[in-house]
Every structure is written in structure tokens, then in C-alpha cells.
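Those sequence lines, one after another, are chains A and B. If you read the first sequence in the working numbering, its first letter stands for residue 1, the second for the next number, and so on. If you read the second sequence in the working numbering, its first letter stands for residue 264, the second for the next number, and so on. A virtual CB, placed ideally from N, CA and C, is assigned to each residue, including glycine. Contents: one structure, followed by commentary.
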Amino acid sequence: MSEYLIEFNNISKFFGKVIALKDVTMKVKKGEIMCLLGDNGAGKSTLIKTLSGVHKPDEGMIIVEGKKTLFDSPKDALDMGIATVYQDLALVPLMSVTRNFFMGREPQKGIPFFKTFDIEKANKVAAERMGQIGIDVRDPSQAVGTMSGGERQCLAISRAIYFGAKVLILDEPTSALGVHQASVVLKYIVKAAADGLAVILITHNVHHAYPVGNSFTVLNRGKSLGTYEKKDLSREKLLGMMAGGEELDKLEIELKEMNRINN
Amino acid sequence: MSDKSKSIANKNNINQDERLKKVSSLKVLLNRPELGALGGSILVFIFFGIVAGDTGMFSAYGTLNFLDVSANLGIIAIAAAMLMIGGEFDLSIGSMIGFAGICIAIPAIYWGWPLWMSIIFAFCMAVLVGYFNGILVVRTGLPSFIVTLAMLFILRGLTLAITRLITGRTQVPGLRVLIEDDPIAWIFATDTFKGLFNWLGSMNLIALRTDGTPLATGIPPSVLWFVGLTILATYILMKTRYGNWIFASGGDKNGATNVGVPVGRVKISLFIGTAVASTIFATIQVLDAGSADTMRGTLKELEAIAAAVVGGCLLTGGYGSAIGAAFGALIFGTVSMGIFYTDIDTDWFKVFLGAMMLIAVIFNNYIRRKVTESK
Numbered sequence: 001m002s003e004y005l006i007e008f009n010n011i012s013k014f015f016g017k018v019i020a021l022k023d024v025t026m027k028v029k030k031g032e033i034m035c036l037l038g039d040n041g042a043g044k045s046t047l048i049k050t051l052s053g054v055h056k057p058d059e060g061m062i063i064v065e066g067k068k069t070l071f072d073s074p075k076d077a078l079d080m081g082i083a084t085v086y087q088d089l090a091l092v093p094l095m096s097v098t099r100n101f102f103m104g105r106e107p108q109k110g111i112p113f114f115k116t117f118d119i120e121k122a123n124k125v126a127a128e129r130m131g132q133i134g135i136d137v138r139d140p141s142q143a144v145g146t147m148s149g150g151e152r153q154c155l156a157i158s159r160a161i162y163f164g165a166k167v168l169i170l171d172e173p174t175s176a177l178g179v180h181q182a183s184v185v186l187k188y189i190v191k192a193a194a195d196g197l198a199v200i201l202i203t204h205n206v207h208h209a210y211p212v213g214n215s216f217t218v219l220n221r222g223k224s225l226g227t228y229e230k231k232d233l234s235r236e237k238l239l240g241m242m243a244g245g246e247e248l249d250k251l252e253i254e255l256k257e258m259n260r261i262n263n
Numbered sequence: 264m265s266d267k268s269k270s271i272a273n274k275n276n277i278n279q280d281e282r283l284k285k286v287s288s289l290k291v292l293l294n295r296p297e298l299g300a301l302g303g304s305i306l307v308f309i310f311f312g313i314v315a316g317d318t319g320m321f322s323a324y325g326t327l328n329f330l331d332v333s334a335n336l337g338i339i340a341i342a343a344a345m346l347m348i349g350g351e352f353d354l355s356i357g358s359m360i361g362f363a364g365i366c367i368a369i370p371a372i373y374w375g376w377p378l379w380m381s382i383i384f385a386f387c388m389a390v391l392v393g394y395f396n397g398i399l400v401v402r403t404g405l406p407s408f409i410v411t412l413a414m415l416f417i418l419r420g421l422t423l424a425i426t427r428l429i430t431g432r433t434q435v436p437g438l439r440v441l442i443e444d445d446p447i448a449w450i451f452a453t454d455t456f457k458g459l460f461n462w463l464g465s466m467n468l469i470a471l472r473t474d475g476t477p478l479a480t481g482i483p484p485s486v487l488w489f490v491g492l493t494i495l496a497t498y499i500l501m502k503t504r505y506g507n508w509i510f511a512s513g514g515d516k517n518g519a520t521n522v523g524v525p526v527g528r529v530k531i532s533l534f535i536g537t538a539v540a541s542t543i544f545a546t547i548q549v550l551d552a553g554s555a556d557t558m559r560g561t562l563k564e565l566e567a568i569a570a571a572v573v574g575g576c577l578l579t580g581g582y583g584s585a586i587g588a589a590f591g592a593l594i595f596g597t598v599s600m601g602i603f604y605t606d607i608d609t610d611w612f613k614v615f616l617g618a619m620m621l622i623a624v625i626f627n628n629y630i631r632r633k634v635t636e637s638k
């Protein structure tokens with residue numbers, strides 16, 4: 001078996017004449033966090049959707065645990081243990097923690113045709129799982145709307161793990177959060193990887209990605225600028241690649257020029 | 264010393280936890296969607312207890328009277344509430360009532376079908392109409408408000424046109440004689456607990472007619488249907504997987520879809536639910552009156568939605584309860600009948616209905632903000 005849990009080889013995706021992704025390759029090992037960075041419009045969303053089975057790649061292949069795979073639907077990907085936590089988290093604020101945790105996959109008990117939602121068991125599991133990540137839900141029947149953004153993010157991740165995720169794809173998990181909340185979520189992501197998951201962390205925030213990532217892939221205009229191990233890459237270099245170093249260099253020159261003229 | 268301070272700290276911790284728990288359980292109670300309607304019902308009963316307590320409104324006959332009206336509205340209000348929790352509206356409820364009545368009466372009277380077959384036929388048509396509403400909303404992604412508004416006109420028009428085409432008039436009488444010995448009709452047309460009422464009459468505990476039989480002959484079928492449906496709907500919403508899917512579909516369609524809830528199927532089934540509830544309403548009324556009228560059920564959809572809203576359903580979906588809708592229907596039924604026992608002119612009923620709904624919406628909106636606000 002390959003040492004990588006999941007590999008994406010030369011993935012391309014076209015929408016009509018638009019080349020959304022071209023020859024993107026990346027690999028993630030078990031227990032590793034791979035950060036996928038890119039500016040707006042770099043193709044991050046398209047790549048996530050291809051990874052999670054929403055889009056089918058036009059070229060290239062996906063290899064899961066050494067086996068070549070094609071996802072026909074998001075459910076296919078989910079069945080293979082590839083879970084995606086989108087930015088909207090798929091949480092309903094008006095529903096309770098428990099009802100959200102088990103939404104769509106409610107545990108049941110009783111005889112066929114008269115099965116009931118086993119709410120006691122669900123409450124227990126939800127409170128237990130949230131407790132494990134240090135979120136004390138006193139009452140698992142409280143509405144998710146009363147939780148903080150970080151807690152909601154953790155709930156969504158915890159739910160994905162509970163339902164058997166091996167590969168966790170996180171779409172901008174810290175973008176809407178304050179510094180403290182973001183660090184809580186990042187800590188949890190590190191813990192999840194340490195427990196044996198492969199994590200793909202999508203973000204445009206280098207300061208969040210650099211401390212937690214093991215490797216980094218930078219996307220720019222639909223192409224990968226390459227995958228780098230952390231030891232081969234300084235934070236500054238990553239920042240430079242991410243922001244489109246040339247653009248900034250050009251800006252600097254232009255600013256100098258303006259200063260010269262003004263003076 | 265350090266041990267001691269630790270134990271004090273622990274104790275404080277526990278105290279704090281307990282206090283928090285108390286607050287949160289009070290909040291849970293306040294957050295129940297049916298709270299407003301429950302409080303409203305109590306207020307309404309207190310009001311009529313004072314104003315009309317000695318008028319016979321709360322005699323056996325009077326009570327059954329307003330319960331019957333509440334129950335009829337409740338049957339459709341509960342289905343409307345479930346659909347609203349699922350995030351959609353059905354404005355074709357009233358027209359479906361008229362349509363279902365005709366679906367029973369015309370086959371039974373003009374085509375010589377046995378009554379039971381006509382009733383089953385009406386329910387089959389209801390499933391079709393509900394399915395059509397549902398699939399249209401789910402497939403086109405149009406607001407259900409518009410789709411079912413169109414259906415309101417189409418169904419009412421069809422009812423009128425077909426009835427006049429076949430019978431030459433707009434009413435179909437003559438059903439009463441068919442009820443006897445019918446294997447199904449009794450489910451919608453039997454007063455229950457007659458023995459109890461006879462006994463109460465013989466003990467002179469309730470009012471009698473001049474011939475010595477009690478004025479109130481038994482619990483009307485609508486009331487049992489109403490209670491049964493309230494229990495069933497509450498069970499579904501609170502205790503089943505499907506119930507969780509209803510809340511999820513109405514709360515966040517995309518989120519629910521992403522975690523594998525079959526949102527489309529849930530919504531379609533709820534539209535079938537409102538059409539079937541309308542048909543239950545229609546069957547009970549048609550068999551009670553012995554005739555079907557093409558205009559039956561006019562504006563009932565708005566009353567059903569009003570009762571659901573008073574019962575705590577949010578117009579945006581994802582929140583509400585069947586018990587709340589039941590209390591909402593009870594409020595409307597009680598006031599609409601109770602007003603006859605007071606000196607108040609009945610013209611004021613609609614003013615009350617509107618005001619009640621307005622208060623309920625403002626209250627619900629406040630609750631929703633409370634529930635969803637971050638700490």
C-alpha cells in the first residue's frame with residue numbers, strides 16, 4: 001500500500017473554455033496536515049468540489065489508499081471516508097446540538113416501521129464528543145445558534161470524525177473567527193491529525209496555516225505552484241508565493257517610482 | 264489549607280453549575296415554540312370564563328360546540344404547521360377541501376359508487392394533488408407561496424367547473440342516506456362516548472331536550488381526529504428520524520442536503536400531508552352536512568396558517584410544534600364560538616384574529632432572535 005492515504009494526480013477541470021484547474025497534484029499522508037493555500041479565484045473551491053465528489057475531474061486520477069477511484073457523487077466520497085466540512089458547516093442554528101450532530105444519520109431503535117430516533121443515545125454521544133474537545137455542552141438540547149463560531153466549527157469537524165472520516169477536507173475553517181477562536185479550532189485540527197486522520201486544510205491565511213501544516217500546496221490561477229515540506233519553506237517564502245510575489249514586487253517598484261516623482 | 268481551598272473551589276464550581284443549569288432549563292421552557300399559544304389559550308379561557316361563564320358556553324353542549332370548530336381547524340392547522348416547519352406553505356388547503364368534497368359526492372351520487380370507494384378515491388386524489396404541489400416546488404425551486412397560490416385557483420376552478428358540468432349546480436346533496444352500513448364512512452361520522460352522555464343526561468348532569476335525550480349526544484368525530492393527529496404529528500416531529508429531517512429541511516436546505524437528508528422527498532411528503540389533512544376535514548364535514556358544496560373550505564388555508572403561526576411556527580421554517588398549532592386552533596375555535604355568548608358583535612372576530620396573529624409573529628420573531636443569538 002502506498003504511504004499516502006490519498007493522492008490527486010494531475011487533476012484538471014474545465015468549465016467550457018475556462019480552465020479551472022490544470023495538472024494539480026497533491027498527496028496527503030495519514031496523520032498529516034496538508035495546507036492548500038491560494039488567493040481568491042485561485043481554484044480552491046473547484047478543487048474542493050472535485051476532491052469531495054461534487055465535480056468529476058476531466059483529467060487525472062484520485063487514488064485512495066492505493067486504489068484508483070472515481071467519485072460519482074459526494075456520497076461516494078463520503079463512503080470512502082472523505083468528509084468535507086464546508087464554510088457554511090451544514091449546521092442549522094435553530095436545531096439542538098444533538099439534532100445537528102446526527103442530522104441525516106440519526107440513530108434509531110425499536111421494531112421495523114415503528115423505529116424511533118434514539119435521542120437519549122444521541123444526546124449522550126453528542127455531549128461526550130463535544131466534551132472530548134473541551135466544549136462543555138451542559139445541555140445537548142440547546143440550540144446551535146447559541147454557540148460561538150469556533151464551537152460550531154468544532155462541532156462540524158467532530159461530527160465528520162464521528163461518522164468515520166479518514167480524510168478531512170476543511171474549507172476555510174478559521175476565516176470567520178477571532179484570534180482566540182481560531183486557535184481553538186486549529187488545536188483541534190492538530191489533535192485530529194495526531195489521531196490518525198489525513199487533513200486537507202484550505203485557507204488563505206498563512207498565519208493560521210504555517211504553524212499547523214506539515215506540507216503546503218499553493219494554488220495560483222488554477223495551477224499548483226508545487227507542494228513543499230515545512231522544512232523546505234519559510235513563512236516569508238510561503239507568504240510571497242501565496243500573495244503572488246511578482247505582483248507585490250511590481251507594486252513596490254511602482255510605489256518607489258511614485259515617491260520619486262513626488263519628491 | 265490548600266486542600267480546603269480546593270474543596271471550596273469545587274463547591275463553588277458545583278454551585279455555579281447548578282445555577283447555570285437552572286437558568287438554562289427555564290430558558291428551555293421559554294424557548295418551547297408552543298409556549299405562546301398555551302399562554303394565549305389560558306388567557307382566552309379566563310376571559311370567556313369571566314365574560315360568558317354563566318351563559319352556557321361551558322356547558323357540555325357549548326363546550327363540544329367550540330371544540331368541534333377548533334378540532335376541524337386543528338386538523339388542517341397541524342398539517343400546515345408540519346409543512347411550515349419543513350420550510351414551505353400550502354395555500355391550496357381551502358381549495359383542496361372543496362375539491363375533496365366533490366370527489367366524494369359526485370362518484371357516490373352520480374356514478375353510483377359505494378360511499379367507501381368515493382372516500383378512498385378522494386384520498387387518492389389528495390395524494391396526487393399533494394405530490395404535484397411538492398414536485399413542482401422541489402423541481403422548479405419556485406417559492407411554494409406562488410406555486411400553491413396557483414393551485415388554489417386551479418383547484419377551486421376545477422371543482423366549480425366539473426361540478427356544474429356533471430350536476431348542473433354547485434351543491435351535491437343526498438349523501439346522508441349512504442352513511443349507514445358503509446364500511447368506512449363511520450370513521451368520519453360517528454359521535455363517540457354516546458353512552459356516557461346518555462348516562463350524564465339520565466343523571467340530570469347535562470342539559471336535556473324536551474324528549475328527554477341529552478342535548479349533547481357524543482364527542483364529534485373531528486375532536487378524536489384532532490387529538491389523534493396532534494399526538495401523531497408530535498410523535499413524528501420529536502421522536503423519529505423523519506421528524507429530524509423535517510426540522511433540518513426547513514432550517515437549512517443546503518446544509519441538510521450536504522449531510523444526506525433527502526430534502527426533496529421530505530417536502531413532497533409534507534405537501535401530501537396537507538392535502539390529505541384537507542381531505543380528512545372535507546370528509547368529516549361532507550358526511551356531517553350530508554352534502555358537498557363547491558365553495559367549502561374557502562379561506563381555510565389562511566386560518567390554518569394563522570393557527571400554525573400563533574402556535575409558534577416561524578414563517579421561515581425550521582421551528583415550531585404540532586402542539587402549538589393545536590393550541591392555536593383551539594384559540595381561534597374558542598373565540599369564534601365564544602363571541603356569540605358575549606355582548607360583543609361577531610363582526611369583531613376577524614379583528615381579534617388579525618391582532619392575535621400579529622402579536623404571535625412579533626413574539627415568535629423575538630424568540631427566534633433569542634435562540635439564534637451567539638453568546
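- With respect to the 7 Å criterion, F352(B) and F408(B) are classified as neighbours on the basis of their beta carbons.
- In this structure, the straight-line span from the alpha carbon of V18(A) to that of S224(A) is close to 16 Å.
- Taking all protein chains shown into account, K231(A) has fewer than 16 neighbouring C-beta atoms within 10 Å of its C-beta and is therefore exposed.
- The three-state secondary structure of N220(A), taken from DSSP, is strand.
- Within chain A, no C-beta atom comes less than 9 Å from the C-beta of F590(B); the nearest is roughly 20 Å away.
- Under DSSP, the beta-bridge partners assigned to P477(B) are L471(B).
- Put simply, the backbone Cα of Y86(A) is about 15 Å away from that of M103(A).
- In the DSSP assignment, D76(A) falls within the alpha helix (DSSP H) that extends over 74 to 79.
- Straight-line spacing of the CA atoms in S584(B) and L336(B) works out to 16 Å.
- Put simply, the region 605 to 615 of chain B does not touch the region 542 to 560 of chain B. Fewer than three CB pairs are less than 8 Å apart.
- Scanning chain B for C-beta atoms nearer than 8 Å to the C-beta of R105(A) yields V522, G523, reported in chain order.
- In this structure, the beta-carbon distance from V185(A) to G150(A) falls below 7 Å.
- V167(A) carries a strand assignment under DSSP once its states are collapsed to helix, strand and coil.
- Of all C-beta pairs linking the region 544 to 558 of chain B to the region 361 to 376 of chain B, three or more are shorter than 8 Å, placing the two stretches in contact.
- E257(A) is classed as exposed because its beta carbon has fewer than 16 other beta carbons within 10 Å across all chains shown.
- Contact between N10(A) and G60(A) holds: their C-beta atoms lie close to 4 Å from each other, under 8 Å.
- Using a Cβ-Cβ distance cut-off of 8 Å, the region 564 to 571 of chain B and the region 342 to 349 of chain B are in contact, since at least three pairs of beta carbons, one from each stretch, lie closer than that value.
- With respect to the 7 Å criterion, F117(A) and K502(B) are classified as neighbours on the basis of their beta carbons.
- For G491(B), there is no enclosing beta strand (DSSP E); the residue is found in the alpha helix (DSSP H) stretching over 484 to 502.
- For Y228(A), the three-state secondary structure derived from DSSP is strand.
- Nearest neighbour of G523(B) by Cα position, chosen from S73(A), P173(A), V64(A), turns out to be S73(A).
- The C-beta distance from I482(B) to F456(B) rounds to 5 Å, short enough to meet the 8 Å contact threshold.
- Residues of the region 494 to 517 of chain B with a C-beta less than 9 Å from any C-beta of chain A: Y498, M501, K502, T503, R504, Y505, G506, N507, W508, F510, A511, G513, G514, D515, N517, listed in chain order.
- If you look at M466(B), you'll find it isn't in any beta strand (DSSP E); DSSP assigns it neither H nor E.
- Proximity to G240(A) across K27(A), K29(A), G38(A) peaks at G38(A), based on C-alpha coordinates.
- E172(A) and P140(A) have their C-alpha atoms spaced approximately 26 Å apart.
- Per DSSP, reduced to three states, the secondary structure at D556(B) is strand.
- Taking 8 Å as the Cβ-Cβ cut-off, the region 617 to 632 of chain B approaches chain A at R631, given in chain order.
- The beta carbon of K115(A) sits closer than 8 Å to the beta carbons of Q108, K109 from its chain, once the five residues preceding and following it are set aside; these are given in chain order.
- Excluding the 5 residues flanking it on each side, S333(B) has same chain C-beta neighbours closer than 6 Å at A592, L593, G596, in chain order.
- Listed by position along chain B, the residues whose Cβ is nearer than 7 Å to that of T116(A) are K502, T503.
- Listed as beta-bridge partners of I6(A) by DSSP are V28(A), V64(A).
- Sequence-ordered contacts of the region 62 to 95 of chain A with chain B read P74, K75, L78, T84, Y86, D88, L89, A90, L91, V92, P93, L94, M95 [C-beta pairs closer than 9 Å].
- The Cβ-Cβ distance between A567(B) and A340(B) falls below 7 Å.
- According to the DSSP secondary-structure assignment, V18(A) is paired through a beta bridge with F15(A).
- Burial is judged here by how many other beta carbons sit within 10 angstroms of a residue's own beta carbon; F113(A) has fewer than 16 and is exposed.
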